[in-house]
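Visitor: Handing you this structure, nothing more for now.
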Amino acid sequence: DVERSRGLGDVYKRQILLSSILISNLFSQTLNGTVIDTSGQPLSHVIVRELHSDNQNDNWTTTNDNGSFVIEVSADSKIELNRIGFESKTIQLDINESKVFILANENVNLRAVNVYGKSNSRYLKNTSLKNNLGSFSRNGSLSQLPSLELRTYGGYAGVTSASFDAGFARHTKVLFNGVDLTDAQNGQVDLSSFPSFALSSLNYRLNSGTTYGSGSIDGTLDINTKNSPNRIFYSSGDYGFNQYGATYTIGREKSKRTITVGKTTYDGDYEFKDSVSGLSSKRENNSIDQFFLAMNREFLVRDDLIININSLTTKNTRGAAGSTSFPSALATRTDEYELYSLSFMKFFADSNLKVYMNRSTNNQVYDDPNESFPVFSEHDLDQSSFGLDFAKEITSNLDYRLSAKQKVDSISSTDLSNQELNSSSATFLLNYTDSEKDFKISPSTRFDKQSGNDKLTYNVSFESVDQFAKGDLSYFDFGLDAGTSFQFPTLNDLYWPDGLYSAGNPDLKPEESDYFSVNMTNNSVVGKFTVTATMKDYENLILWQPNESFKYIPINVSSASRTTYNINFLKEFASSQLQISYNIYDSKDNDMDEKLLYVPDFSANIFLSHNFNQSMNMVFNYKYTGKRILQYGSDFSDQTDGDAFGVLDLSISKDFDALKASLIVDNLLDETFESTLGYPEPGRSIKLVAEYKI
């Protein structure tokens, strides 16, 4: 295996971490890497330290739960990888390459070699994305994910939801540095509450139900701010946009603190063409005042013990523009969110134990003083959780992971009064890797319980890599996933007060999904082609429907099906990277006998990054969304279809030693479109950005 790894090293240096774009100047580089063991499993909490750094601070970081890391290092420096139970490794870096590093177990008879890739490194399920366009473009890196569909509600201040494979937004879970952000009241996360610079680095994973539980039916997004480069920045643009902030890391031999802080203001008034009348109008009351503060602290107590503390504070005050007809121009919405996370990581020779505690609070206020129909609503949500993860290697080919978690969600609300949800979960994951025949089997099962509901889910994953390998280092990979996943009812679904027009339903069952996914990858001198087919059936979907008294009540009546085909092409050149994806969606609401709402016939994405030289870079991303149904027809109105639209975003950056200047253009072609019915989007938006490395 070691000799084979050496032979395959060069090609894997070019193709691992598909979506990572490296932008360097003459004096430093950003190293994106992943650390795995000899069986291809990601290694968390590996200490990655730069040696012989000219920086006054000790420069080091640790890998996350997915084994990935980002670190700013000098172009000619070395890095050292350390974790108890594994052989330390020192590596001389090559410039402008993303890498996978392998650590050998200390108790395995395998001589230490510096290899940068291995066939079963492609077993890694998570994919990372980070680039300059994603730092300051309106939706960060979200619009660049090949299978992610966005629904936005008008301008930078409008609510933004995201879903993989055009699924339901509540079926894509959002994390922050590995901590769940799901709003227990509605089961979603408003991504517009994060500024664009906080959405520049993302990890994502599809079909992650047994890993993350309720709400991860289609996939998981993990927002990562832990490894942002040291910098201060200022950005100014159209529609009264202003943004400034900084990231700074204080490194010591045994401790590290990273602080990311920023402020965004946006006036938000813009001209649009009404989709019904065709007349030009002005969209008002769409401003936002946004504050963001994230802190990450790591302490190396001993070689076998790491303590990590995370905190997040966001404050957003915005005008609630709503649709073109509701609410009034006086409506406002404020959100204040705070998160604290503490974890202890203990390492043993062949295992590790993580114990963690999370606590978050969220105050949401909606106020519309419209005289004809005034509305005031306030919600205080509180979430606390405690859990542990234990991973153990049985043999060099066999390992397992056990996880358990206890969580409490509570709310004090003008609408829901005081309510509480208690939930618990337990997960078992087994990995078997055959290094001789290059395949891996990973069965997993999960049990979740919430108040009166419980759910048992499973996943079976099979992956075979390096098949039909040829002398030119071309190969085929095959994989499949089969399993079940679910979504618990939300606090709104269960406890909405019994009034004249609506009421909750405490007897609701969890939403369910059965899925089967197959994929094939072919890598050759032409490039890397990946084709994926996914089939999903949904049962017990929750819909709010009128009863015999015309009161809207949520019930488990809906079922649906979706078949998705994803075609992805990746080609890396000496100074460029090109990625093209094409997604075909075949969906059906079984009750309506129609395609699902907001699911397009197809979508496409073209991403291109090009380095003109070591100091100048250009990135553009084009996202095309096909026709879709926005509203079903009824006795009172015809069906409303949404026109296809394409949005092109562009970034051009120039380095002047420590200073970087960038031009960011959102919607370069000035496309007129609505991703959500009644919420017109702004036209072309131009930003100028100045960054200074510190």
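If you count the sequence shown from 1, position 483 lands on 481 in the working numbering, and the numbers rise without skipping. C-beta: ideal position from N, C-alpha, C; glycine also.
For Phe289 versus Thr258, is the C-beta distance shorter than 8 Å?
Guide: Not in contact: Phe289 and Thr258 (Cβ atoms no closer than 8 Å).
Visitor: For Arg136, name the three-state secondary structure that DSSP assigns.
Guide: Residue state, collapsed to three classes: coil.
Visitor: Do you know offhand how far Ile693's Cα is from Pro678's?
Guide: Because residue 693 is not part of the residues shown, which for the chain are -1 to 692, the question remains open.
Visitor: By how many angstroms is the C-alpha of Lys405 removed from the C-alpha of Asn420?
Guide: So the alpha carbons of these two residues sit roughly 6 Å apart.
Visitor: From Lys685 to Leu454, what does the alpha carbon distance come to, in whole angstroms?
Guide: Distance between the alpha carbons of Lys685 and Leu454: 49 Å.
Visitor: Just to check my reading of the structure: Thr61 and Ser42 have Cβ atoms closer than 8 Å, yes? What is that Cβ distance to the nearest angstrom?
Guide: At roughly 6 Å, the Cβ-Cβ gap stays under 8 Å, so Thr61 and Ser42 are in contact.
Visitor: Assuming Leu489 is part of the alpha helix (DSSP H), what are its boundary residues?
Guide: That run of the alpha helix (DSSP H) goes 489 to 493.
Visitor: Where does Ala659 fall in DSSP's three states?
Guide: Strand at Ala659.
Visitor: With distances taken from CA atoms, which of Leu478, Ala642, Asn175 is nearest Gly65?
Guide: Closest option to Gly65, Cα to Cα, is Asn175.
Visitor: Restricting to Cα atoms, I'd like to know which of Thr263, Ile230, Lys224, Phe166 is closest to Gly217.
Guide: When only C-alpha atoms are compared, the closest one is Phe166.
Visitor: Apart from the five residues just before and just after Asn457, which ones in its own chain have a Cβ nearer than 6 Å to its Cβ?
Guide: Excluding residues within five positions, the ones whose Cβ falls inside 6 Å are Thr208, Ser442, Gly481.
Visitor: Using CA atoms only, rank isn't needed, just tell me which of Phe484, Thr88, Asn545 is closest to Asp446.
Guide: Of the candidates Phe484, Thr88, Asn545, the one whose C-alpha sits nearest the C-alpha of Asp446 is Phe484.
Visitor: Whole angstroms is fine: what's the gap from Leu506's alpha carbon to Trp542's?
Guide: Roughly 11 Å separates the two Cα atoms.
Visitor: Contact criterion: CB-CB distance below 8 Å. Does Asn395 meet it with respect to chain C?
Guide: The chain labelled as chain C is not found in the depicted structure, where only one protein chain is given.
Visitor: Tell me, please, whether the stretch 555 to 565 touches the stretch 582 to 593 by the rule of three or more beta-carbon pairs shorter than 8 Å.
Guide: Yes, since at least three Cβ pairs between the stretch 555 to 565 and the stretch 582 to 593 fall closer than 8 Å, the two stretches touch.
Visitor: Assess, as a yes-or-no matter, whether the stretch 313 to 333 is touched by the stretch 68 to 79 under the definition of 3 or more beta carbon pairs within less than 8 Å.
Guide: As far as the Cβ criterion goes, the stretch 68 to 79 does not touch the stretch 313 to 333, which means the pair count is below three.
Visitor: Compare the Cα-Cα distances from Ser86 to each of Arg47, Ser199, Arg331, Asn57 and report the closest residue.
Guide: For the residues Arg47, Ser199, Arg331, Asn57, the minimum Cα distance to Ser86 belongs to Arg47.
Visitor: Look up Phe195 in the DSSP assignment and say whether it is helix, strand or coil.
Guide: Three-state result, Phe195: helix.
Visitor: Among the residues of its own chain, which have a CB less than 7 Å from the CB of Tyr168, if the five just before and after it don't count?
Guide: Contrary to the premise, residue 168 reads as Arg rather than Tyr in this sequence. These residues qualify, in order along the chain: Gly185, Gln186, Gly213, Gln485.
Visitor: Asn306 bridges to which residues according to DSSP?
Guide: Glu296, Ser341.
Visitor: Considering only C-alpha positions, which residue in the set Asp407, Ala402, Asn368 is nearest to Asp380?
Guide: Out of Asp407, Ala402, Asn368, Asp407 has the C-alpha closest to the C-alpha of Asp380.
Visitor: Please classify Lys271: is it buried, with 16 or more other beta-carbons within 10 angstroms of its beta-carbon, or exposed?
Guide: Answer is exposed; the Cβ neighbour count stays below 16.
Visitor: Near Asp641, what residues of its chain come up, given a Cβ to Cβ distance below 8 Å and the 5 sequence neighbours on each side ignored?
Guide: Excluding residues within five positions, the ones whose Cβ falls inside 8 Å are Lys625, Phe671.
Visitor: Compute the Euclidean distance between the alpha carbons of Ile604 and Phe297, then round it to the nearest angstrom.
Guide: One C-alpha to the other measures close to 41 Å.
Visitor: So if DSSP puts His608 in a beta bridge, which residue, or which two residues, is it bridged to?
Guide: Beta-bridge pairing links His608 to Ser574, Met616.
Visitor: Tell me which residues share the same chain as Phe466 and place their Cβ nearer than 6 Å to its Cβ, disregarding the 5 neighbours each side in the sequence.
Guide: The answer, listed in chain order, is Phe474.
Visitor: Can you tell me the Cβ-Cβ gap for Phe514 and Met533, rounded? I've got them flagged as a contact below 8 Å.
Guide: The Cβ separation is near 5 Å, so the contact holds.
Visitor: In the stretch 374 to 419, which residue ranges form an unbroken beta strand (DSSP E) of at least 3 residues, counting only runs that do not cross its ends?
Guide: Fully enclosed beta strand (DSSP E) runs of 3 or longer: 396 to 411.
Visitor: Is the beta carbon of Leu661 less than 8 Å from the beta carbon of Ile650?
Guide: Yes.
Visitor: Between the C-alpha atoms of Leu140 and Glu546, what's the straight-line distance to the nearest angstrom?
Guide: Straight-line Cα distance between these residues: approximately 42 Å.
Visitor: Which whole-angstrom value describes the C-beta separation of Asp464 and Asp436, a residue pair presumed to lie in contact below a C-beta threshold of 8 Å?
Guide: Their Cβ separation, rounded to whole angstroms, is 5 Å, which keeps Asp464 and Asp436 in contact under 8 Å.
Visitor: So is Leu396 buried or exposed if we call it buried at 16+ other beta carbons inside 10 Å?
Guide: Leu396 should be labelled exposed.
Visitor: Which of the three DSSP states, helix, strand or coil, is assigned to Leu648?
Guide: Strand, per DSSP.
Visitor: Select from Phe346, Ser339, Leu328 the residue whose C-alpha is nearest the C-alpha of Val373.
Guide: The option with the nearest alpha carbon to Val373 is Leu328.
Visitor: Could you have a look at Arg250 and say whether DSSP puts it in helix, strand or coil?
Guide: Looking at Arg250 - three-state DSSP - the assignment turns out to be coil, as it is neither helix nor strand.
Visitor: What is the residue span of the beta strand (DSSP E) that Tyr210 lies within?
Guide: That residue, Tyr210, is in no beta strand (DSSP E); its alpha helix (DSSP H) goes 207 to 210.
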